[in-house]
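Written as structure tokens, this is what we have:
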């Protein structure tokens, strides 16, 4: 699903040049649930940005879902993000002035989907995350866990191939974290590949594989389980 | 296009947009009405006079002794002026046209009408010699000029001048048609109220405007009657028309020599006719300019407001915009969102502004006695504000569209 | 505390110079527009003689034929503003008023003693004696003439200050001779600098925006010398017949200004009754065909009837105020945006112990500073604007003016006097407060924690 070969990304300012990613090579199979770990400054966020086509890479090659996406135009990348990738952010990143329904609806508009189809998918996604009764609420009226669930609904309503999650439980307490992890594992069990950046070692061990990034390249790879439907812990 | 989502987001954060809409509304009301009034004023100030202003000048003389022989002076003055090389024609005149002083009286084709309430039509009177038409630069379109023998010499005073009156008159076309709607004014007799005199219309000139600006009596500014009468003294006015390019030299010569040609008088004023006409219009033109400039600045201020709101909107929504890009919005989508959002705000202002503009228009037409604001001004104003609003938001919107999707993953 | 707040305010403004410049600029422009409009309006809307408001009245008689109004008449309900000679003469003997005056403006040629000065034309007021006391005309030398001279006048004249300077170098010229239209008059008085704004006693020329006459002579000379009436002569009766100045004294044509001074408003009412009675009596002789519409009006009403202020001034005032409103709204928006963007700093301060009222106060001070800066810049713009307007609107009239009094009058049209300047100060403070109250309140209302989250 995701295959990177010797990918590098450099940030240049007037003064200094930072190699955020250097010669990074990895491969993620369809249906896998992988965790990306590393200290702050190791390049995990940059890795996620490149993996999610949020930023261009400078060197190397990136194959996504069988397509070489190393050098695409901005519009082409947007299209892939819209149709094949679902994002979940540490801060939820919901649009504060919109209610739950409109938040989830947002990516579907960029796809020119007719109204009834949008409605069907949104209601399905809300049911999936268990928030059907909160359709008209605005984010400020929801708890952290509820907000993240809305974000997950937004991520899955477009039937993405991959979900990229950036510290999805970082702003949540233990109970909510467990809920979110369970939800993600259910989604993965249904066939969606998930890449999750985290610095919670406990969470990192509940997945198929863990990649550890140090100084912009993959340092270690841990195998935990083979690619099969995972069981929720406990 | 996610219109419903856009509208509900706008409603949840309505203070800024309402402020901008209010500015747009007031600006529209101002722009529309001022444009109309300025147009009216400039139109009024630029109405054709029928006179050859650029080649003409006038002289006002006043007696400095009580034994000033005005009739003899007039005769000599006219001979002198008409003999100067470069002069087309010179005549006496009672009032200088295009100033604010004149004399008008009621006229009628049928003397009975003059006895009725509001009977008769007012005409503005100008007295001169047979050179008057040429001195003013008027165009004769029917009939003939005064015969030199009909020109009445200077009477002892106004009373005597009125009693003597004159057998012939020349009128403007407009006046001829009003007095004789069947179009057969030439050769007919016209009667004057207040002095109970009559005269025959021997000639019709194309057009002439007496007053420089519209006033209460604008109706009869173009209804003009010329009479072959030399105005009684002792103060005199002469109007002199020069060949093209010769006027300034002639004015210099007259300034030097004219006063001393006759003892006991001095030149009270010597002025180029176009200068006179311009001075009369100065206030009007100035008023139009003031209104126009002020309105321009009002628009500028509103543009700043729109740009400010848009810039603030982009800056405070940076994270949101990055997220939208992350979930698949293209640059075009972001741009379109801002343009549509701005258009909705502007249109809200425009709708309110139309109401204000019409209300103000009704007020102003009552005040200024002008007809009601024509609707195409409103349409023009709306279009202008739409375009201005669009241009104002363009740069902030382009900025917004260029926000990188990577902004979504930033944690600061 | 105030110094600290001012410090914070200035630092905050410096932090974002473009935005601060825009806010100050918006207020400045709004102040300039409204102050220019107010100055122009105020120059025309003044009350020239407020201390005599209950005593001084213009007299008008509705002598018009009973006919429907002409299409061009703007106020057909108003009677003619001037009187016929016949009616003026009839009203003059009444003992109800303390003073009465009938008068008109004319022009004569002055031949100075000094041969080096060429003869020139001067404006003359042909008036009965009470003019000077009624209108509180100040004298530097001598005085007017008495009522007895109204009809059999001595050859006396009162000069304006400028005329006295021109002819006699400004010395006490009482007793000296002045030649008007070739006839010799003896100077009995010289009036001091006098510039009623507007020239309310005769609004015929320039709508009252003209200097008073330069020469004053007794009324009787008008008829004796057939001095022409420079003003407005209107024959309101169809049956009037004009042939020369003489007929103005016999026919029903209005051309004279007529004023009375009474003791108090009660006497004014008595006088009104007297005037109406006269009209009733005349009606029986076939004159005054309409119902009584004779108005004895005080100066403010008189000025309103003549609409001395004019449509243009009113429109400019309205535009100026709308402009001000747009600018305040604009600044409000910018201020709100600025405060909300800077909210985290306020949140920090609140976390460190500032109370809500402290935050509001700090923001209000910042707002007032913006208002003050905008006001100062606005005043500079106003002066510049008025100077440009003087050229734009009046350069023609100024060029023609050889009289320093007239020049001073025209300057006064664009002059900001003290009350207007105080209004400017008040206006800029108002602008600042209006623009800043809501944003400051909004900021104060937000809970500190709102700002301290990382999102």
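Protein chains in written order, with the numbering used here: chain A, 1 to 234; chain F, 1001 to 1412; chain S, 2001 to 2455. Ideal placement from N, C-alpha and C gives every residue a C-beta, glycine not left out. Model, not experiment: these values are computed from the prediction.
Query, Result
"Strictly by DSSP, which residues pair up with residue 2139 of chain S?", "S/2191"
"Can we say the stretch 143–160 of chain A touches the stretch 83–92 of chain A, given the rule of at least three CB pairs closer than 8 Å?", "yes"
"Assign residue 1063 of chain F to one of three DSSP states: helix, strand, or coil.", "strand"
"Counting pairs of Cβ atoms below 8 Å between the stretch 2227–2237 of chain S and the stretch 2100–2110 of chain S, do you hit three or more?", "yes"
"Please return the same chain residues whose Cβ sits closer than 6 Å to the Cβ of residue 39 of chain A, not counting the five positions on each side in sequence.", "none"
"Using the rule of at least 16 other Cβ atoms within 10 Å of the residue's Cβ for burial, across every protein chain shown, is residue 1092 of chain F buried or exposed?", "buried"
"Please compile the residues from chain S whose C-beta is within a distance smaller than 8 Å of the C-beta of residue 1117 of chain F.", "2065, 2066, 2067, 2068 and 2238"
"Below 9 Å between beta carbons: does that hold for residue 2257 of chain S and residue 2083 of chain S?", "yes"
"Rounded to a whole number of angstroms, what is the C-alpha to C-alpha distance between residue 1328 of chain F and residue 1334 of chain F?", "11 Å"
"Judging by CA-CA distance, which residue of F/1072, F/1006, F/1074 and F/1156 is the nearest neighbour of residue 105 of chain A?", "F/1006"
"Check the Cβ-Cβ distances between residue 1332 of chain F and every residue of chain A, and say whether any is below 9 Å.", "yes"
"For residue 214 of chain A, which residues in the same chain have their Cβ closer than 7 Å to its Cβ, ignoring the five residues on either side in sequence?", "38 and 42"
"Ignore the nearest five residues each way along the sequence and tell me which others in residue 1152 of chain F's own chain have a CB closer than 6 Å to its CB.", "1164, 1166 and 1229"
"By DSSP, does residue 50 of chain A sit in helix, in strand, or in coil?", "helix"
"Which residue comes first and which comes last in the beta strand (DSSP E) that contains residue 1240 of chain F?", "1236–1242"
"Comparing alpha-carbon positions, which option in A/44, A/70 and A/19 lies nearest residue 4 of chain A?", "A/70"
"With distances taken from CA atoms, which of F/1004, F/1361, F/1171 and F/1020 is nearest residue 1392 of chain F?", "F/1020"
"Take residue 1178 of chain F and list the residues in its own chain whose beta-carbon comes closer than 6 Å to its own, dropping the five residues that flank it on each side.", "1121"
"Cα-Cα, which of F/1017, F/1011 and F/1024 is closest to residue 1351 of chain F?", "F/1024"
"Can you have a look at residue 2015 of chain S and say buried or exposed, based on whether 16 or more other CB atoms are within 10 angstroms of its CB?", "exposed"
"Assuming residue 1307 of chain F and residue 1388 of chain F form a contact by the criterion Cβ under 8 Å, report the distance between their Cβ atoms to the nearest whole angstrom.", "The Cβ separation is near 11 Å, so there is no contact."
"Can you give me the Cβ contacts of residue 2170 of chain S inside the same chain, cut-off strictly under 7 Å, excluding the 5 residues immediately before and after it?", "2164"
"Taking residue 1035 of chain F as the reference, which of F/1294, F/1171, F/1304 and F/1225 has the closest Cα?", "F/1294"
"Within the 9 Å Cβ cut-off, does residue 1315 of chain F reach chain A?", "no"
"Please confirm if residue 1015 of chain F has its CB atom under 9 Å from at least one CB of chain A.", "no"
"Listing by chain order, which chain A residues have their CB less than 8 Å from the CB of residue 1008 of chain F?", "97, 98, 99 and 102"
"Using the Cα positions of residue 68 of chain A and residue 1001 of chain F, report the straight-line distance between them to the nearest angstrom.", "30 Å"
"For residue 1131 of chain F, count the other beta carbons within 10 Å of its own beta carbon; 16 or more makes it buried, fewer makes it exposed. Which is it?", "buried"
"With distances taken from CA atoms, which of S/2432, S/2385 and S/2342 is nearest residue 2008 of chain S?", "S/2342"
"Could you confirm whether any beta carbon from chain A is found closer than 9 Å to the beta carbon of residue 1320 of chain F?", "yes"
"How many angstroms separate the CA atom of residue 1399 of chain F from the CA atom of residue 1321 of chain F?", "11 Å"
"Could you name the residues of chain A that residue 1324 of chain F contacts, counting a contact when the two beta carbons are closer than 9 Å?", "95, 106, 107 and 110"
"List in chain order: all unbroken alpha helix (DSSP H) runs of 4+ residues lying wholly within the stretch 65–128 of chain A.", "74–84 and 100–109"
"Evaluate the contact criterion for the stretch 1200–1213 of chain F versus the stretch 1184–1191 of chain F: three or more CB pairs, one atom per stretch, below 8 Å.", "yes"
"Could you tell me which of S/2324, S/2158, S/2267 and S/2139 sits nearest to residue 2094 of chain S, measuring between CA atoms?", "S/2267"
"Report the three-state DSSP secondary structure of residue 184 of chain A (helix, strand or coil).", "helix"
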